[in-house]
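Participant: Please see the structure below; I have some questions.
Residue numbers (the numbering used here): 108 to 343.
Here you go:
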């Protein structure tokens with residue numbers, strides 16, 4: 108008669124104890140406000156603005172290490188749909204629906220409050236950050252790695268988390284239309300005063316140990332020093 112022995116857990120014979128992986132860590136989360144005044148100049152007289160869409164893009168972030176000052180440069184992209192007044196009669200105004208795109212540049216600086224230390228080369232006083240814009244799928248062209256004694260540090264990325272835009276608009280170069288509908292007018296420019304609030308994250312991949320030992324109370328061990336903070340989408 109065949110006798111089956113009790114099965115044994117193969118996990119007891121595993122020799123793997125430790126591994127290393129990279130996890131994106133949020134170094135800092137913060138908000139900053141940018142104050143902008145600009146004039147939008149249309150290519151032709153406008154009778155009425157029909158719709159307006161906005162997007163915000165970052166195209167450069169530079170961190171001065173000794174002061175933790177972050178210099179930011181970007182732009183607001185506005186897609187404006189508007190109506191012209193090409194035919195003006197006593198009881199009717201008609202025209203075409205057109206669309207124009209305007210880029211409104213901005214720049215600012217802020218002292219960054221770090222909750223997790225940044226790993227940066229001691230031979231450099233500033234680093235240029237990679238950029239993660241939520242409205243596009245790729246990182247901006249402004250990204251670098253810096254070398255120190257033959258080793259590359261993980262690049263730091265500046266992620267645009269959310270935005271809020273408050274603005275006032277005033278028409279300029281206004282002309283009244285005569286012999287047509289009452290109080291009808293066209294304009295050529297719009298003056299805008301904008302308060303742009305940016306919520307930003309600074310992210311860096313860091314190496315940590317992974318342990319599968321049962322007696323370990325924490326299977327994630329920092330590779331070099333303690334790593335507070337929490338995981339986030341990494342720099343690609």
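Glycine residues also receive a C-beta, built at the ideal position from the N, C-alpha and C atoms.
Just list the beta strand (DSSP E) runs in the segment 124-156, keeping only unbroken ones of 3 residues or longer that don't cross its boundaries, in chain order.
Facilitator: 125-153
Participant: Tell me the rounded alpha-carbon separation between residue 220 and residue 306.
Facilitator: 13 Å
Participant: Rank 235, 211, 142 and 294 by C-alpha distance to the C-alpha of residue 151 and give the top, closest one.
Facilitator: 294
Participant: Whole-angstrom Cβ separation of residue 308 and residue 133, contact assumed at under 8 Å?
Facilitator: 5 Å
Participant: Measure the alpha-carbon distance for residue 190 versus residue 207 and round it to whole angstroms.
Facilitator: 11 Å
Participant: Three Cβ pairs or more, each shorter than 8 Å: is that satisfied between the segment 193-213 and the segment 309-316?
Facilitator: no
Participant: Is it the case that the Cβ atoms of residue 303 and residue 141 are separated by a distance below 8 Å?
Facilitator: yes
Participant: Quick check on residue 127: buried or exposed, where buried means 16 or more other Cβ atoms within 10 Å of its Cβ?
Facilitator: exposed
Participant: So for residue 227, helix, strand or coil by DSSP?
Facilitator: coil
Participant: So is residue 259 buried or exposed if we call it buried at 16+ other beta carbons inside 10 Å?
Facilitator: For residue 259, the predicted model reports a pLDDT of 47, less than 50, meaning its position is unreliable; a value from the coordinates is still stated below. Residue 259 comes out exposed.
Participant: Taking just the CA atoms, how far does residue 239 sit from residue 169?
Facilitator: 14 Å
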